[in-house]
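Below: one structure, written as C-alpha cells.
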Amino acid sequence: MPSAEAGSALNRAEEIDPVYLIHAIIDSRWMIIVITAIVTLFASLYVLLETPVYQASALIQLEAKQGNGLFRNLGQILTDSQPLSAPETVLLKSRLLLGKTVDDLGLQIHVEPDYFPVVGRGLARLSGHRPGEVKVRVFSLQARENDVSRVVLTVRDSMHYQITRDGATLTGTRGERLEGGGIVLEVSEINASPGSRFVLTRIPRLQAVTRLQETLRISEQGKNTGMLSLTLEGDDPQLISRILNTLSRHYVSQNIARQVAQDQMSLDFLNRQLPEVRAALDSAEDKLSAYRKQNNSVDLSLEAKSVLEQLVNIDNQLNELTFREAEISRRFRKEHPVYRALLEKRSALRKEKEKLNARVNGMPFTQQSVLRLSRDVESGRIVYQALLNRQQELSISRAGATGNVRIIDEAVTLPEPVRPRKLLTVLMGFLGGGMISTGVIVLRLLFRRGTESPEQLEAAGISVYACVPAASCVEKGTLRRIKSRPDILLAVAAPSDIAVEAIRGLHTSLNYVMAEAGNNVLMISGASPGAGKTFISTNLAQVVAGTGKKVLLIDADLRRGYIHRLSGGEEGEGLSGILSGRCSAGQARRSTGQSGFDYIGRGRALSHPSGLLMQPRFAGLMEQLCPQYDLVIIDTPPILAVTDAAIAGRYAGTVMLVVRFGKDSVADVMASVKRFEKSGVKVKGCVLNGVVKTAGNSYRYGTCYYDYFPAENEKDGDA
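Numbering (the UniProt record's numbering), first residue to last: 1 to 719.
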C-alpha cells in the first residue's frame, strides 16, 4: 500500500514538463481562442471608443546671459557660464506663467457636449455626429473655492439658450451677460442645432494650473544646448497649440521684463554713484592743483611717471578683482580652484604694489606727494569714465531689451493622435488574451487534483483493473437520451460503445480475480459522490447477464440510490424493507426484463441506514441470495461520505473502488483504501471511470484503451 517511495513517484508523475504543457494547450485550444477573441474584442472597442489624444510641441532657445552689472566681463573666468536649463524649466512650469496662460485662454471654464457616460463620446465620434460648439466668454458661480460646479446649457436657437442648475432654469441671449441663481454667464458664440445640450464646468484656478503642470513636458534637446522642447497632450488639437504659444509668449515677455528690471536697477545705482565719484574726482584734482601751486608747479620725473602708471594700473586691477570676488563668492567656496586663482592674483598684485610703494618712499618728499595725488586723480578719472560709459550702455540696453530667450518653433499639433495606438493596442490585446488564457491553463495544471492516468494510481500501490472512457455516443445525443430515460442502460442503447467494451474487459478481469475470492459477491463503491459507481454497477450487470449468467444487483445506497428506476418503477419495497422486516427478498426483487438480470432497489430512503446494514438480516440475505446467482453486485455509497460501504464490504468476496477521471485525487483514493482497511475490508483494486483522451495525457501516460470498431457505415464483414 502507499509508502514514501510511492508518494515520491507520485510527485514525479505530476511534474509539468514543457511538452506536456504544449499538449495541454492544444487540448484547451478552444478556450484559448474564445478568451483571446474576447480580450481582442474589448481592446478593439477601447480603441474605437477611447477619445484620441493629440500632442503639440514648441521649441525655445536660451542664449548666454549678458551681465547687467558695472562690468559685463566679470564672469569670464567662471567655468559654468552656459545657461542653465533646470531653473528655466521650473520657471516655465511655475504658477506665475501657467496662471497667466489659464487666465488668457479661460481654461477654468470647460464646455463639452452632454454625452452618454463612458461610451457616449466614442459613439458620437464613430457615428460622425457633430454636436456643435458653444463659446463662453464669462462664467462664474457662487460656490466654495474648491467646489466643482456643473451647469447644463440647452440651445434653443442661434441667439438663445437655456441653462439648468440644481433644478433651476434660466434663459439667456447670446452676447448678453446673464446673472441669476448665483450664476454669471456670457455666451459669445452658438454654433449648434436647437436642442443640443452642453455641460458647463468651472474649476478653481489652482486646479487648472495643476492640470497644466501635470501634462506639460519640458526637456532639453541635447546636453547644454540651451534648446528647450515643450510638449503638451490633450483631446483638443487646436487648444493645446494655443496653450503652448501663449505660454511661450508669456515666458519671453517675462524674460524681457526681468532683463529690463535688472538694467533699471543697475542704472539707478549708477545714477546715485556718478555724482559721488565725480565729486571725489574733482576733490582729487583740486588737491593736486593746489599742491602744485604751493610748490611752484612741481613736475614728475620720468621714473615717477612710470611708477604712477604702474600704480594706477594695479589699483584698477584690484578694483576689478573685488567685483569679481563678489560674483564668485555667490557660486564657489574659497577652496574652489577659481576662487583660489583670484586670491593668488590679488596677492601678487598687492606684493607688486608694495614694491612700487617702496620705490615711491625712496623718492624726494615733494615727488612722493605729487605722485600720490596724481595717482588719486588718475584712478578716479578711470573709474568715473567707466561708470559714465556703463550708464550710456544701460540706457541703450533698457530701451532695446530683447532678453536672452527666443521662440524657435511655434507650437504645432501632430495631425495623428499619439494615443491610443490602435494597431499596437489591438495587438497587445491579442497577445494579452493569449497570455491570460495560457496562464489559466497553467494554473489549472498547477492546482489540479484529479487522477488522469492509471500510472498515478499504480505508482501509489493501487491496482487498476479497467479504464472506462467517456461514452463516445455523447456527441450523437445517445447519452442525453439515456440520462432522460434511467431505465435504458448504455450497454443496451449502445452495446458497441467504447465504454461498454471497457466494461467487458473489466468483466474478463473479474473472472480471474473472483475465482480466488471467498464468495461471488462483488461490492462496488466510490471515493466521492459522482464517481460513476452506479453506472459501472448497472452496465457491468447488464454485460454479465448478456453472457448467459444470472446476475443480481443490490442497491445498498439507502440514502440516494436510484437503481429502482431501471424498470421505471417507484421506490416501493427494497433493501430497506427487507432489513426492516417489512417484506421478504422475493417480494423486493425485481426483473429488468433482461434474461438473468434481477435487482433489488433501495426501498424507502433512510437518513441513518448504517444500523440496518449491521443487523444479522443483511448477512442472512447474502447467504440466501448468493447460491441463486452467478454474480451478486452490491452498489454502495461513497466510502469517504458515509461508512455504509465499509459495513457492506465485510460480506463481499471482492471489493472494487470507482475513481472518477480528473476529479478524484490519488490522495482521496488512498484515504478510501485506508478507511476500508481499518474496517477489515481489503480493496482488490479500482476502476478509472470517465477517462477523456487528450493530447496531454496521451503524451505523458499513453492511453489505456484503443479504438477497434468498424465505422457505422461499414458492414460486419469488412472488419
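Don't be surprised by glycine CBs; every beta carbon is placed ideally from N, CA and C.
Does DSSP put residue i in a helix, a strand or coil?
| i | result |
| --- | --- |
| His110 | strand |
| Pro495 | coil |
| Val405 | strand |
| Lys135 | strand |
| Tyr465 | strand |
| Leu558 | coil |
| Cys626 | helix |
| Glu501 | helix |
| Tyr115 | coil |
| Leu640 | coil |
| Met265 | helix |
| Ala37 | helix |
| Thr142 | The question names Thr, but residue 142 is Gln in the sequence shown. Of the three classes helix, strand and coil, the one that applies to Gln142 here is coil, per DSSP. |
| Arg174 | coil |
| Phe42 | helix |
| Leu70 | Reliability of the predicted coordinates at Leu70 is poor, the pLDDT of 42 falling under 50, and no value is obtained from them. |
| Asp664 | coil |
| Ile600 | strand |
| Arg589 | strand |
Using a Cβ-Cβ cut-off of 7 Å (strictly less than) and excluding sequence neighbours within five positions of residue i, which residues of its own chain qualify?
| i | result |
| --- | --- |
| Thr173 | Met159, His160 |
| Gln108 | Val102, Arg202, Ile203, Arg205, Ala208 |
| Gln213 | Lys93, Leu98 |
| Gln310 | Leu356 |
| Leu631 | Asn520, Leu522, Val544, Lys549, Val551 |
Thinking C-alpha only, which one of the options is nearest residue i?
| i | options | result |
| --- | --- | --- |
| Ser329 | Ala460, Leu342, Met622 | Leu342 |
| Ile243 | Ala386, Ala290, Val412, Ala588 | Val412 |
| Ile647 | Phe618, Ala667, Lys663, Gln624 | Phe618 |
| Val691 | Leu371, Gly450, Thr89 | Gly450 |
| Phe139 | Ala124, Gly175, Phe116, Arg125 | Gly175 |
| Leu270 | Ser395, Asp104, Tyr339 | Ser395 |
| Gly167 | Asp157, Ile462, Arg177, Leu153 | Leu153 |
| Tyr251 | Lys100, Asn319, Ala386, Tyr562 | Lys100 |
| Glu285 | Val551, Leu349, Gly380, Met428 | Gly380 |
| Thr89 | Thr402, Gly226, Thr547 | Gly226 |
| Ser509 | Arg272, His129, Ala466 | Ala466 |
| Ala471 | Ile462, Ala494, Gln456, Leu457 | Ala494 |
| residue 728 | Ile554, Val464, Ala257 | For residue 728 there is no data in the structure shown, the boundaries of the chain being 1 and 719. |
| Ile26 | Arg406, Ser580, Ala499, Val442 | Val442 |
Is residue i buried or exposed, if buried means 16 or more other CB atoms sit within 10 Å of its CB?
| i | result |
| --- | --- |
| Glu55 | The question names Glu, but residue 55 is Gln in the sequence shown. Label assigned to Gln55: buried. |
| Val19 | exposed |
| Asn191 | exposed |
| Val418 | exposed |
| Leu479 | Annotation note: pLDDT 46 at Leu479 (below 50); position unreliable, coordinate value reported separately. Leu479 is buried by the Cβ-count criterion. |
| Arg144 | Unreliable positioning characterises Arg144 in this predicted model, as indicated by a pLDDT of 49, which lies under 50. The coordinate reading is nonetheless provided below. So Arg144 counts as exposed. |
| Gly182 | exposed |
| Asn73 | Caution is warranted here: a pLDDT of 46 is assigned to Asn73, below 50, making its placement in the model unreliable, and no coordinate value can be reported. |
| Asn520 | buried |
| Gln628 | exposed |
| Arg29 | exposed |
| Ala527 | buried |
| Val658 | buried |
One question on the structure: do residue i and residue j come within less than 7 Å of each other, judged by their Cβ atoms?
| i | j | result |
| --- | --- | --- |
| Tyr599 | Met622 | no |
| Glu186 | Arg217 | no |
| Thr246 | Asp104 | yes |
| Ser453 | Ile32 | no |
| Val687 | Ile536 | yes |
| Val377 | Leu274 | no |
| Phe198 | Pro113 | yes |
| Pro420 | Glu189 | no |
| Gln456 | Leu489 | no |
| Arg272 | Tyr384 | no |
| Asn316 | Ile256 | no |
In chain order, what residues of the same chain have a beta carbon less than 8 Å from the beta carbon of residue i, not counting five sequence neighbours either side?
| i | result |
| --- | --- |
| Thr636 | Met523, Ile524, Ser525, Lys533, Ala556, Asp557, Asp644, Ala645, Ala648, Gly649 |
| Ser484 | Below a pLDDT of 50, predicted positions are generally treated as unreliable, and Ser484, at 47, falls in that range; the measurement from the model is reported next regardless. Excluding residues within five positions, none has a Cβ falling inside 8 Å. |
| Thr215 | Leu232, Glu233, Gly234 |
| Asn511 | none |
| Lys334 | Arg340, Leu343 |
| Ser610 | Val642, Thr643, Asp644, Ile647 |
| Leu318 | Arg346, Leu349, Arg350, Lys353 |
| Cys583 | Glu573, Gly577 |
Spatial neighbours of residue i within its chain, please: C-beta separation below 6 Å, excluding the five flanking residues on both sides.
| i | result |
| --- | --- |
| Asn68 | Annotation note: pLDDT 48 at Asn68 (below 50); position unreliable, coordinate value reported separately. Taken in chain order, the residues that qualify are Gln262, Asp263, Ser266. |
Is there a C-beta anywhere in chain C that falls below 7 Å from the one on residue i?
| i | result |
| --- | --- |
| Lys682 | Here there is only one protein chain, and chain C is not present. |
Any heavy atom of the ligand MG closer than 6 Å to the Cβ of residue i?
| i | result |
| --- | --- |
| Thr89 | In the structure shown, the ligand MG is absent, as is every other ligand, since no ligand is present at all. |
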